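Notes for the one structure printed next.
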Amino acid sequence: MNKAQKQAETKNLLIYLGITFAISWAMFFSFIMPGNSFFDENGSLSGIGNLICTLGMLCPALGVIITRFITKEGFKLSGEGSMMLGIDLKNRKYIFYILAILLPWVYTELGYALTAALSPGAFDKDFFAGVTDDARNAYMFPLMAIVSGVFFSFGGLGEELGWRGYMMPKLINICGTGKAVIIGGIIWGIWHWPLTYVGHNFGTDYRGYPWVGFAGMAFLCVFMGILLTFVTVKTGSVWPAAILHAVNNAQPSIIQFFINPEKIKPPFDETAISFLIRNLPLTIIAVLVFLLFMRKKKSA
Amino acid sequence: MGGMLYKDFLAVKGKKVLIIVLVCTLLFIALRLALPGADMVKTGETGEETSFADGNMIDAFLWTVPFLFALAGIGLPAVWIKGLVAQDEKNKIRAFTKSLPFGKNTYIASKYIFLAVAVYAAMSMEMIWCEIFFSRSGDNSFTDIVKTLQSFLIILSSASLFISGIELPFFLTLGSKKATGVKSAILELLFLFVIGWFFFGNLDIFEKIDLFNMIEWTNTHGFEINMMIVLCPVIASILYFLSYKLTCAINRNREAGIDE
Numbered sequence: 005m006n007k008a009q010k011q012a013e014t015k016n017l018l019i020y021l022g023i024t025f026a027i028s029w030a031m032f033f034s035f036i037m038p039g040n041s042f043f044d045e046n047g048s049l050s051g052i053g054n055l056i057c058t059l060g061m062l063c064p065a066l067g068v069i070i071t072r073f074i075t076k077e078g079f080k081l082s083g084e085g086s087m088m089l090g091i092d093l094k095n096r097k098y099i100f101y102i103l104a105i106l107l108p109w110v111y112t113e114l115g116y117a118l119t120a121a122l123s124p125g126a127f128d129k130d131f132f133a134g135v136t137d138d139a140r141n142a143y144m145f146p147l148m149a150i151v152s153g154v155f156f157s158f159g160g161l162g163e164e165l166g167w168r169g170y171m172m173p174k175l176i177n178i179c180g181t182g183k184a185v186i187i188g189g190i191i192w193g194i195w196h197w198p199l200t201y202v203g204h205n206f207g208t209d210y211r212g213y214p215w216v217g218f219a220g221m222a223f224l225c226v227f228m229g230i231l232l233t234f235v236t237v238k239t240g241s242v243w244p245a246a247i248l249h250a251v252n253n254a255q256p257s258i259i260q261f262f263i264n265p266e267k268i269k270p271p272f273d274e275t276a277i278s279f280l281i282r283n284l285p286l287t288i289i290a291v292l293v294f295l296l297f298m299r300k301k302k303s304a
Numbered sequence: 396m397g398g399m400l401y402k403d404f405l406a407v408k409g410k411k412v413l414i415i416v417l418v419c420t421l422l423f424i425a426l427r428l429a430l431p432g433a434d435m436v437k438t439g440e441t442g443e444e445t446s447f448a449d450g451n452m453i454d455a456f457l458w459t460v461p462f463l464f465a466l467a468g469i470g471l472p473a474v475w476i477k478g479l480v481a482q483d484e485k486n487k488i489r490a491f492t493k494s495l496p497f498g499k500n501t502y503i504a505s506k507y508i509f510l511a512v513a514v515y516a517a518m519s520m521e522m523i524w525c526e527i528f529f530s531r532s533g534d535n536s537f538t539d540i541v542k543t544l545q546s547f548l549i550i551l552s553s554a555s556l557f558i559s560g561i562e563l564p565f566f567l568t569l570g571s572k573k574a575t576g577v578k579s580a581i582l583e584l585l586f587l588f589v590i591g592w593f594f595f596g597n598l599d600i601f602e603k604i605d606l607f608n609m610i611e612w613t614n615t616h617g618f619e620i621n622m623m624i625v626l627c628p629v630i631a632s633i634l635y636f637l638s639y640k641l642t643c644a645i646n647r648n649r650e651a652g653i654d655e
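Line by line, the protein sequences are chains R and V. The opening position of the first sequence corresponds to residue 5 in my numbering, with each subsequent residue numbered one higher. The opening position of the second sequence corresponds to residue 396 in my numbering, with each subsequent residue numbered one higher.
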């Protein structure tokens, strides 16, 4: 790619980022500024908080549509420079779809297993009773999370159309895969910051609020971004990334129903530390995928 | 394939539908944010009795929006099938695609993909409308009804996919006129059966049907609902794929008079 092409890609990328951040943050701040609470009296996500998250996830897709309209890049469904909405299962690409469905279950379960291993006292075989009245629901939950993740992947699709379908190909063209996944992950993490500020993912009652949350979100997005970029590049489609994202958000895990967060012993009860432990398997898998990805790129 | 899907999108007046849905969604958001719901008012000496609409008339009005949208979203793909096939027949699109360098099943695949996308989009919009309703709804029976609707959304959408999977082989094999005839005949037979049952059947079962009992059932049978949520879309997707394969097999050797 020559210098002029790189400049054009950079310009288009900046237009996309400007539009997406403007739309999303305007909505997030219109929610935050009047002092709305992200949680209800029971401590779970409030109705309005849930709506803001749902609509917020669609903003990157809206950003892509507006950007493509402005830059006249067109709305091709599949192929080079497209919106990457095509689905091609040939040449063993279906493996990446299966991976997108199952991988979040594996690393989420491992993350909770690690939490239980480090705080054995927190593992309580009757804890599920406070969450669900039937133990079978706890065992059924990962399958349910996967099915609803796949069929209600519109939120994930909304984000992935923007981040993996538009931003990442441009970043990869501009600065190469290695730098792109780190820069892209950080940008994606920063996009979440207004929600992190009001307690999304981490709550507000933790040491180092909100800076630790901001750093944690950027950290998570870099590693999550590696997996999402990997499946997108391998399939040439944003669908597996949308599915992976949606299933990941549904937190498919059985062990979580048997961990009493109040019994997690210090220092593992600290938000930042428990977050790191829970996401350690994801981080390791992402690093391995990244190394594999880079090695294949080099040999190619 | 992209072009075929876009053609179908235009054939069902997709742009108009999209604009209407977006405007309605924005209006619904504005209404919901402007008109918050209220919690159920407990009445009676024991505080156990509740009125169906006490203190939450706004929710009583707004809950119908996601409910009606869900019904429309589920029925729409089945309604579109006839229009899509009829329009293609009128413009001899099927014969035209045979002259293009497409795979032999591309035309059939495009119809199946288009309707699957329509079901996915309708299901996603229904979910968004439920979320809009919940954003400022009170703790009352209407919120419970929409929550029940939301739990059943994936099952209802599976039903929509299933119905499309049944109708498509008829329409793509017999053509729109004959398939409409077959569909009408089946629906009329069903209608006659229902009318006959109203006259001669046991209608006592209607006494047991109670919306609140159904909501109560969904609250106490979480596992059964979860099981349905997992199985229904998987089974519907498998049947939809088998329906596609069947339609391809039936239409394999169709050449002459394909658009008649």
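The beta carbon of each residue, even a glycine, is placed where N, CA and C say it ideally should be. Computed from a prediction, not measured in an experiment: that's the story for all the values here.
Report the residue from the options whose alpha carbon sits nearest the alpha carbon of residue i.
i       : options                            : result
L421(V) : I590(V), K499(V), I523(V)          : I523(V)
S518(V) : Y507(V), K640(V), A465(V)          : For the sequence presented, residue 518(V) should be read as Met rather than Ser. Considering only alpha carbons, the answer is A465(V).
Y515(V) : S555(V), S532(V), F537(V)          : S555(V)
I70(R)  : I186(R), D128(R), N16(R), Y213(R)  : N16(R)
N252(R) : R299(R), Y201(R), M148(R), D92(R)  : M148(R)
S571(V) : A473(V), A425(V), V460(V), E484(V) : E484(V)
F279(R) : K174(R), K129(R), I187(R), L118(R) : L118(R)
K300(R) : W243(R), T287(R), T181(R)          : T181(R)
V416(V) : H616(V), G468(V), L428(V), R647(V) : G468(V)
P173(R) : G229(R), H196(R), F218(R)          : G229(R)
For residue i, which residues in the same chain have their Cβ closer than 7 angstroms to its Cβ, ignoring the five residues on either side in sequence?
i       : result
S152(R) : A254
F497(V) : none
P146(R) : W109, P256, S257, I258
G39(R)  : none
L634(V) : F557, G560
I424(V) : I527
Distance, Cα to Cα, residue i vs residue j?
i       : j       : result
L89(R)  : H249(R) : 15 angstroms
E562(V) : W458(V) : 31 angstroms
N141(R) : N621(V) : 7 angstroms
F272(R) : N500(V) : 57 angstroms
I414(V) : Q482(V) : 22 angstroms
V226(R) : I194(R) : 11 angstroms
I105(R) : I508(V) : 21 angstroms
E521(V) : K302(R) : 46 angstroms
N205(R) : V412(V) : 36 angstroms
R96(R)  : T239(R) : 9 angstroms
G397(V) : K80(R)  : 8 angstroms
F593(V) : L582(V) : 16 angstroms
T492(V) : Y502(V) : 7 angstroms
Y101(R) : T543(V) : 31 angstroms
G450(V) : F456(V) : Because the pLDDT at G450(V) is just 48, under 50, the model does not fix this residue reliably, and the value given afterwards should be weighed accordingly. Their backbone Cα atoms lie some 12 angstroms apart in a straight line.
G85(R)  : V589(V) : 55 angstroms
N486(V) : C643(V) : 21 angstroms
Got a sec? Which residues, its chain only, sit under 6 angstroms from residue i by beta carbon, not counting five neighbours each side?
i       : result
A245(R) : E164, R168, L232, V235, T236
L161(R) : A246
L62(R)  : G162
F43(R)  : S50
Y210(R) : T275
Look at the Cβ atom of residue i, then the Cβ atom of residue j, and state whether they are nearer than 8 angstroms.
i       : j       : result
F155(R) : P628(V) : yes
G60(R)  : M87(R)  : no
E113(R) : I259(R) : yes
V577(V) : L569(V) : yes
S275(R) : G203(R) : What sits at residue 275(R) in the sequence shown is Thr, not Ser. The answer is no: Cβ separation not under 8 angstroms.
A139(R) : F132(R) : yes
I178(R) : T14(R)  : yes
A504(V) : F557(V) : no
F294(R) : V185(R) : yes
L199(R) : N283(R) : no
V407(V) : G470(V) : no
M399(V) : S536(V) : no
I289(R) : Y111(R) : yes
V480(V) : L584(V) : no
If residue i and residue j are in contact, beta carbons under 8 angstroms, what's the gap, nearest whole angstrom?
i       : j       : result
M315(R) : I191(R) : Given that chain R is displayed from residue 5 to residue 304, the structure contains no residue 315(R) and the question cannot be resolved.
I263(R) : Y116(R) : 6 angstroms
L55(R)  : E526(V) : 5 angstroms
L641(V) : P564(V) : 6 angstroms
L122(R) : I23(R)  : With 8 angstroms as the limit, L122(R) and I23(R) do not qualify as a contact, their Cβ atoms being about 43 angstroms apart.
I476(V) : S559(V) : 7 angstroms
F529(V) : G51(R)  : 4 angstroms
G409(V) : T136(R) : The Cβ separation is near 41 angstroms, so there is no contact.
Within a Cβ cutoff of 8 angstroms, which residues of the same chain sit near residue i, ignoring the five residues on either side of it in sequence?
i       : result
I540(V) : W458, F462, L606, I610
S82(R)  : M88, L89, G90, D92, G240, S241
Point to revise | Residues of the segment 624 to 640 of chain V with Cβ closer than 8 angstroms to any Cβ of chain C, in chain order | key: Among the protein chains of the structure shown, namely R and V, there is no chain C.
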